[in-house]
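Have a look at the structure below before the remarks.
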Amino acid sequence: MSEQTVSTTSRTGTNNLLRRDVRFLGNILGEVLVHQGGRELLDIVEGIREQSKALRADFVPEQFQQFKDTITSLNPEIRHQVIRAFAIYFQLVNIAEQNHRIRRKRDYEVMAGEEVQRGSIESAIKDLKERGIAIEAVREILKDISLELIMTAHPTEATRRVVLDIHKRIAEDVMELDNPTLTFREREKLKDKLLNEVLILWQTDELRDRKPTVIDEVRNGLYYFDETLFDVLPSVYEELEHCLNKYYPDENWHVPDYLRFGSWIGGDRDGNPSVTAKVTWETLVLHRQLAIRKYEEQLHELMELLSFSTNLVEVTDELNESIQRDREHVELKCVELWRNTKEPYRVKLGFMLEKLANISNESLKGSPMRYNHPGEFREDILIIDRSLRYHYADYVSETYLAKLVRQVELFGFHLMTLDVRQHSQEHENAMAEILAKMHIVEDYAALSEEEKTGLLAKLLMDPRPLTSGHLDYSESTRECLDVFQTVYSAQQEFGTGCISSYLISMTEAASDMLEVMVLAKEVGLFRQEVDGTVSCTLQSVPLFETVDDLHAAPGIMKQLFELPVYRKATEARGNMHEIMLGYSDSNKDGGVVTANWELRVALNDITATGDEYGVKLKFFHGRGGALGRGGMPLNRSILAQPPHTIGGGIKITEQGEVLSSRYSMQGIAYRSLEQATWALITAARLAKTPQEELAVDAQWEEIARSISETALEKYQDLIFRDPDFLVFFKESTPLPEVGELNIGSRPSKRKNSDRFEDLRAIPWVFAWTQSRYLLPAWYAAGTALQQYVGGDAAKLETLREMYAGFPFFRSLIDNLQMALAKADLHISKEYAGMITDGTIRDRIFSQIEQEYKLTSGMILSITGQEEILDNVPVIQESIRLRNPYVDPLSYLQVQLLTELRALRAKDEDDQELLREVLLTINGIAAGLRNTG
Numbered sequence: 001m002s003e004q005t006v007s008t009t010s011r012t013g014t015n016n017l018l019r020r021d022v023r024f025l026g027n028i029l030g031e032v033l034v035h036q037g038g039r040e041l042l043d044i045v046e047g048i049r050e051q052s053k054a055l056r057a058d059f060v061p062e063q064f065q066q067f068k069d070t071i072t073s074l075n076p077e078i079r080h081q082v083i084r085a086f087a088i089y090f091q092l093v094n095i096a097e098q099n100h101r102i103r104r105k106r107d108y109e110v111m112a113g114e115e116v117q118r119g120s121i122e123s124a125i126k127d128l129k130e131r132g133i134a135i136e137a138v139r140e141i142l143k144d145i146s147l148e149l150i151m152t153a154h155p156t157e158a159t160r161r162v163v164l165d166i167h168k169r170i171a172e173d174v175m176e177l178d179n180p181t182l183t184f185r186e187r188e189k190l191k192d193k194l195l196n197e198v199l200i201l202w203q204t205d206e207l208r209d210r211k212p213t214v215i216d217e218v219r220n221g222l223y224y225f226d227e228t229l230f231d232v233l234p235s236v237y238e239e240l241e242h243c244l245n246k247y248y249p250d251e252n253w254h255v256p257d258y259l260r261f262g263s264w265i266g267g268d269r270d271g272n273p274s275v276t277a278k279v280t281w282e283t284l285v286l287h288r289q290l291a292i293r294k295y296e297e298q299l300h301e302l303m304e305l306l307s308f309s310t311n312l313v314e315v316t317d318e319l320n321e322s323i324q325r326d327r328e329h330v331e332l333k334c335v336e337l338w339r340n341t342k343e344p345y346r347v348k349l350g351f352m353l354e355k356l357a358n359i360s361n362e363s364l365k366g367s368p369m370r371y372n373h374p375g376e377f378r379e380d381i382l383i384i385d386r387s388l389r390y391h392y393a394d395y396v397s398e399t400y401l402a403k404l405v406r407q408v409e410l411f412g413f414h415l416m417t418l419d420v421r422q423h424s425q426e427h428e429n430a431m432a433e434i435l436a437k438m439h440i441v442e443d444y445a446a447l448s449e450e451e452k453t454g455l456l457a458k459l460l461m462d463p464r465p466l467t468s469g470h471l472d473y474s475e476s477t478r479e480c481l482d483v484f485q486t487v488y489s490a491q492q493e494f495g496t497g498c499i500s501s502y503l504i505s506m507t508e509a510a511s512d513m514l515e516v517m518v519l520a521k522e523v524g525l526f527r528q529e530v531d532g533t534v535s536c537t538l539q540s541v542p543l544f545e546t547v548d549d550l551h552a553a554p555g556i557m558k559q560l561f562e563l564p565v566y567r568k569a570t571e572a573r574g575n576m577h578e579i580m581l582g583y584s585d586s587n588k589d590g591g592v593v594t595a596n597w598e599l600r601v602a603l604n605d606i607t608a609t610g611d612e613y614g615v616k617l618k619f620f621h622g623r624g625g626a627l628g629r630g631g632m633p634l635n636r637s638i639l640a641q642p643p644h645t646i647g648g649g650i651k652i653t654e655q656g657e658v659l660s661s662r663y664s665m666q667g668i669a670y671r672s673l674e675q676a677t678w679a680l681i682t683a684a685r686l687a688k689t690p691q692e693e694l695a696v697d698a699q700w701e702e703i704a705r706s707i708s709e710t711a712l713e714k715y716q717d718l719i720f721r722d723p724d725f726l727v728f729f730k731e732s733t734p735l736p737e738v739g740e741l742n743i744g745s746r747p748s749k750r751k752n753s754d755r756f757e758d759l760r761a762i763p764w765v766f767a768w769t770q771s772r773y774l775l776p777a778w779y780a781a782g783t784a785l786q787q788y789v790g791g792d793a794a795k796l797e798t799l800r801e802m803y804a805g806f807p808f809f810r811s812l813i814d815n816l817q818m819a820l821a822k823a824d825l826h827i828s829k830e831y832a833g834m835i836t837d838g839t840i841r842d843r844i845f846s847q848i849e850q851e852y853k854l855t856s857g858m859i860l861s862i863t864g865q866e867e868i869l870d871n872v873p874v875i876q877e878s879i880r881l882r883n884p885y886v887d888p889l890s891y892l893q894v895q896l897l898t899e900l901r902a903l904r905a906k907d908e909d910d911q912e913l914l915r916e917v918l919l920t921i922n923g924i925a926a927g928l929r930n931t932g
């Protein structure tokens, strides 16, 4: 059976099951609505849904007015319940769709037999084998690939943790419906259980009553490690080694650690004064506590399993000697000694549990009473492993011990690396104060860039300190210094792997990087020894965000690599340098077309600079979940990079709703990481065999550049040069109210300012998504494409060829399609109706509407499709089915915003009205997914 046949057959059958689940959950919600609000509530909800559905099928102005009249006539009590009914329906649909992804993979594997699924780890290794890639080259590929996925606390996840827990229980119960062995009675009990869960969901407040603290956000991030990642990551490695052994059996494979998770949560202090040095330390403690707890759970499980008796088997002398050493040095206080000495594994595990429990005991540091390094813990596991194999219990070893060994290698005792991030201006301010107090330079900020870099390079080579405990510093400078001291102390306590990157937001010059290095030198994170050798355990990482910064990036890196002291620091870190590229601010600054083009150019130019100086570059891609912030599936985001730019590894941010959609369920987490591994190996192969890359016509690059220039002009004409644009944006979107949603600890603006430049990219995208414009994800593309074509059929044909043969251009066009499909300007027009100045409203909205139609038309001309998203019918259908349920929430939101703003204009307020607005924001976020 061919892969296509399997795929088609499987899709047809499982789609019926998805519809079954959606219908089943919808019926349960209906029962809950009747139970809670009577038949009248269900009839109202169903009536609104039917009207919305009819309007989507055939828009009739009279019916549309009737639909709006129905919505505006709802009394507040019923209206509140209607909003929640539609919002919860989307939560249930999202659960059903997530379950369906797991079901599809399982069904494929059942039906395909020996067929290998596309995008799987096995397909990547099989492809290497079939291409004749030698085992030495495979080893090189595995040695070079690296992917770090970085969790951030960016406030785009509108769902509370308690609600996520309910979702998880519902998902598990719905999955159980597929169990063919269920009896009729068991199925009825399962339905009753689901009815209870949906009832609990209905009576659980989906809104937070306060903003989360940073530590709340840390715990939310750790939830995914606790629930899925601690177990799923080793499974991905196990599958890769299994496939390598299958296709390259002559090697005893142990794959290097190529796939890891990290975090910004508790380390990202850019614009968030709540992230203090103390909070960063507390974050690292929580990381370690979870890692140790997970290891303790594993050891307790092993204690149950490893009941081998020396009455029946002979264990190694190494194990016996190890137990004897533990008896002499480890006093058992946290666990009881296993009394049956004939079961040596259980005795050994008891001592291991004690040593784990003692890790946080400072008084035992350096003693054999505790593990002082993950390597000691790993060695104890391997002692057990070797002994099990000695008496031929290798099945047990490979099933249980191998996974634990991999977990220790991946997570150590620090669980994951925490990045620190701060705005470049904070470092300049601190440096200016420090240098002034030491009378080195009175006004550091007034120096030219050349003078700054010269001074900072000189200070780096000077072993004398710049700070003194006898001097008083401002609160901000003291906090800045405390952060570096905390990083140093953390590396001593948790290992250098706990924090190794210091990211600098808005890096605009080489001095921004050197300032951080000088501050690191003050606490011993950078040292130059007497013999000239350099030790550097914290790397300055530039974050290039705006279009101008992207242009300047290659020159900045070249300037740094020319400095002898900087080259020594880079060499001390293995001639590897991390560089972060910001997708959100570059998009906000230049629009989607220009941002994508400039990021591609920057990637290539910075890579060339690294090559010139023999430095491998690890690019950190700051993607958001939304299309307007570089969001796309993980495997596509890896393959979107030019293959020659991934040699030093890749880092990618995983944030907000992306975390819950990808990592809340083990099956989906596994599939996402499996596809990422496939993409990594594929990209690495292309990088090593560049002749296999699609040759990109130089003319195509020039065309893309000219399209980008036109798009930038068009975008900035509206966003930056139209004096009325900010009024239009603020009044026709729920931007002011989004800030009241309590979904993040960080303010929505970097400063207490109404300037567009100070607005963060996340609320910018979130607000446009809520109002159904999705403007940042498509605006200006149509004008740029049309201006290039200019009515010339030959040029249109060139764009079609670029779509077929230029991966960058194809990815851009397909992302534009996704944005256009999710946008709905008919509904956006209702939001525009909230603008008080009708002249501003009509002028700017007609401009946006015209651009939307133009962009849609150009996309269809280039792709040859009849409708937007014909190329991805599954997503096209999902959007089509969701729209009739999202639409009522959008119209309700417009009505509620209008009422709330009218009250606030009179210095009055209504908390219940605000609450309803926030509920619609949650509901629309659930309905549209990728919100910010």
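Numbering-wise, the numbering used here puts 125 at position 125 of the sequence shown, and it's gapless, one number per residue. Where is the CB? At the ideal position from N, CA and C, for every residue including glycine.
Taking just the CA atoms, how far does residue j sit from residue i?
i	j	result
LEU787	THR855	In the sequence as presented, Leu is not what sits at residue 787; that position holds Gln. One C-alpha to the other measures close to 12 Å.
LEU233	LEU259	8 Å
LEU18	GLU50	21 Å
PRO554	THR609	6 Å
THR798	LEU634	29 Å
GLY628	VAL765	With a pLDDT of 46 at GLY628, under the threshold of 50, the predicted position of this residue should be treated as unreliable, and no value is reported.
ILE827	ASP837	19 Å
CYS334	GLN98	41 Å
ASP909	ILE71	22 Å
PRO273	HIS423	12 Å
THR898	THR733	11 Å
GLU842	ALA780	Rather than Glu, the amino acid found at residue 842 in this sequence is Asp. Using only the alpha carbons, I get a separation of about 19 Å.
GLU912	MET111	53 Å
ALA794	ALA679	35 Å
SER263	VAL420	9 Å
Which stretch, first to last residue, makes up the alpha helix (DSSP H) that contains residue i?
i	result
ILE840	838-863
LYS822	807-822
GLU731	725-731
GLU301	277-305
PRO554	547-562
ARG389	374-390
LEU718	698-719
Considering just the uninterrupted stretch of the beta strand (DSSP E) at residue i, what are its terminal residues?
i	result
VAL534	534-536
GLY262	259-263
ARG421	420-423
PHE526	526-528
LEU543	539-544
I'd like to confirm the pairing. Which residues does DSSP put opposite residue i in its beta bridges?
i	result
GLY622	GLY582
ILE652	LEU149 and HIS621
ILE141	Paired residues: none, contrary to the question.
Can you list, in chain order, the residues of its chain with a C-beta nearer than 7 Å to that of residue i? Leave out the 5 residues immediately preceding and following it.
i	result
GLY266	VAL214, VAL218, VAL275, VAL279, THR280, THR283 and LEU418
Measuring alpha carbon to alpha carbon, tell me which residue in the options is nearest residue i.
i	options	result
LYS246	VAL315, ALA124, ARG346 and LYS355	ALA124
THR769	ASP69, GLY927, LEU306 and ASN604	GLY927
MET438	ALA552, VAL330 and PRO465	PRO465
LEU918	LEU896, LEU903 and GLY30	LEU896
GLU731	PHE809, ILE840 and TYR715	ILE840
SER307	VAL396, ASP268 and LEU240	VAL396
ARG662	ILE650, GLN675 and LYS588	GLN675
Which same chain residues, not among the five before or five after residue i, have their C-beta less than 6 Å away from its C-beta?
i	result
VAL483	ALA277
So, for residue i: in the same chain, excluding its five sequence neighbours on each side, which residues have a beta-carbon less than 8 Å away from its beta-carbon?
i	result
SER7	With a pLDDT of only 45 at SER7, under 50, the local geometry of the prediction cannot be trusted, and the value read off the model is given with reservation. Excluding residues within five positions, the ones whose Cβ falls inside 8 Å are TYR108.
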